[in-house]
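Below you'll find the structure, written out as C-alpha cells, and then a few comments.
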Amino acid sequence: MSQVNQNVQLLRYTPAPEETVSMAARLCYSSSTIDEIAQGVQKKDQAKYLERLIEMGHLSCIEHASFTFGIEGVSRSLLAQLTRHRLASFSVQSQRYVGKVSHDGETFDYIIPPSIQALGDAAVKRFQDQMSQMQEWYNQWVDALGGEGEHSFEDARFVLPNAAGTRIIMTMNARELHHFFSMRCCNRAQWEIRAMAWTMLEQVNRAAPHLFVGVGPGCLRGSCPEGKKSCGQAEAIRMRYQEMLKRIEADNHA
Ligand SMILES: Cc1cc2nc3c(=O)[nH]c(=O)nc-3n(C[C@H](O)[C@H](O)[C@H](O)COP(=O)(O)OP(=O)(O)OC[C@H]3O[C@@H](n4cnc5c(N)ncnc54)[C@H](O)[C@@H]3O)c2cc1C
C-alpha cells in the first residue's frame, strides 16, 4: 500500500530576511545612500523596528522576504485549495509525466483522512481497497491508451481520486504568508491545509520571528473575525500559538 504522511519543509528563504526588509523600510524614510543604509542596518537590532513597521501596516516592505517550501504527502484536494492563493509561485509534480502503473498490489501515493482512520481498521481497509481498485482502473486505461508515457498518463489519470498524493515546491513572500496564515491556520480551514499552514507558521517563526509577530488566525489578534461561523475555540488556539513560541524559544536555547 502507498499511504503517505504530510512532510512540509522550509527549503530556502531570502538571506538575512529581517535585515533585507529593514533596509527597504529605512530607505523610505531616510536621505541616506544605499551603502549607508546597508551598513547602518547590519549594526542595529531589527526587532523593534520591524514590529513597529508591521503594526503600522507598511506591509509592502515585507514583500522583499520570500520563503520556499517543499511539500509532499499531501492530496490533490489540498493542491486545489493551495493554488487558489494567487500571490504565490508553484511547481507541482506532473501526473502527465510521472505516472505509476503497478500490478503488484502497490498503488499511487494517497492520503487517508484522519476521520476515516478514526473509524477503525475495517474502514481503513475499505478505503485502501478502493484505492487499489482505482489503481486497477488506472492501469487498464494506461494499457488502452498506448501502454506508457505522457499520452497514456494524461487521460488515464482522470480516474484517480482527490486522495492521490502530490509534491509541490511553493514560494510566498512574507506579506502573502501573513494573509495565508490568517485564512488557513483558522479552525474554519480544512484539516489538511490547516495542518500544513501551522507547520509553515512554526518554520517561518524560527527563520524570521520579527516578520511574523502575532501572525496566524484572526483570533490571535482580537475577537474571531468569523462571526456566527466562529469555532468558539479562540482560547485553545491562542494556547496552541503560545506553545509553538515556547517550543521555538526552548530550541533556540538548547
Ligand atoms: C474556510 C475557507 C472556505 C473556503 N471555501 C471556498 C468555497 O467554497 N469556494 C471557493 O471557490 N473558494 C473557497 N475558499 C477559497 C477562498 O475563496 C480564496 O480563493 C482563497 O482562500 C484565496 O484567498 P484570497 O483570494 O484572499 O487570497 P490570495 O489569492 O492569496 O491573494 C491575497 C490577497 O491579494 C489580493 N488580491 C489577489 N488577487 C486579486 C485580484 N485579482 N483582485 C483584487 N485583489 C486581489 C486580495 O486582497 C487577496 O486577499 C475557501 C477558503 C477558506 C479559508
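Residues are numbered in the numbering used here as their position in the sequence shown, beginning at 1, plus a constant of 172.
Beta carbons are placed, not taken as given, at the ideal position from N, Cα and C, and that holds for glycine.
| field | Per DSSP, cross-strand counterpart(s) of S446 | value | Residue 446 lies beyond the stretch modelled for the chain, which goes from 173 to 426, so this question has no answer here.
| Would the beta-carbon of Q178 fall within 8 Å of that of V264? | Contact: no.
| message | So if DSSP puts Y185 in a beta bridge, which residue, or which two residues, is it bridged to? | response | F239
| task | Measure the beta-carbon distance from Q175 to I340 and round it to whole angstroms, keeping in mind my assumption that it falls under 8 Å. | result | In fact, because the Cβ distance is near 19 Å, the residues do not count as touching under 8 Å.
| request: Compute the Euclidean distance between the alpha carbons of A196 and A328, then round it to the nearest angstrom. | output: When rounded, the distance between both Cα atoms is 50 Å.
| field | F353 - containing alpha helix (DSSP H), residue span | value | 346–356
| task | Express the C-alpha separation of L349 and D217 in angstroms, rounding to a whole number. | result | If you take the alpha carbons of D217 and L349, they lie about 23 Å apart.
| query | Can you give the beta carbon distance from V193 to F241, rounded, assuming they're within the 8 Å contact cut? | reply | Wrong, their Cβ atoms sit about 19 Å apart, outside the cutoff.
| task | Quick one: grab the DSSP three-state call for N377. | result | helix
| message | ligand 1 and R339: does any heavy atom of the ligand fall closer than 7 Å to the residue's C-beta? | response | no
| field | Minimum length 4: unbroken alpha helix (DSSP H) runs contained in the segment 284–365 | value | 286–289, 293–316, 322–328, 346–356
| Alpha carbon of Q289 to alpha carbon of Y310, nearest angstrom | 25 Å
| request: For R248, verify whether its CB is less than 7 Å away from any heavy atom of ligand 1. | output: no
| Among all the DSSP beta bridges, which residues are the ones paired with A260? | M344
| query | Would you call the segment 199–206 and the segment 306–320 touching, i.e. three or more CB-CB distances under 8 Å? | reply | no
| request: Let me know the secondary structure DSSP gives V246 once reduced to three states. | output: Looking at V246 - three-state DSSP - the assignment turns out to be strand.
| request: Please confirm whether G337 and D301 have their CB atoms less than 8 Å apart. | output: no
| query | R356: which of H323, F384, G390, M342 sits nearest, CA to CA? | reply | G390
| request: Under 7 Å Cβ to Cβ from T255, same chain only, skipping five residues before and after it: list those, please. | output: F262
| Helix, strand or coil at V180 according to DSSP, with G and I counted as helix | strand
| request: Identify, in the order they occur along the chain, each residue of the same chain with its Cβ nearer than 8 Å to the Cβ of N345, setting aside the five sequence neighbours on each side. | output: I234, E235, H236, A237, S238, F239, L259
| query | Can you round the beta-carbon distance between M368 and L251 to whole angstroms, since I take them to be within the 8 Å contact cut? | reply | At roughly 11 Å, the Cβ-Cβ gap does not stay under 8 Å, so M368 and L251 are not in contact.
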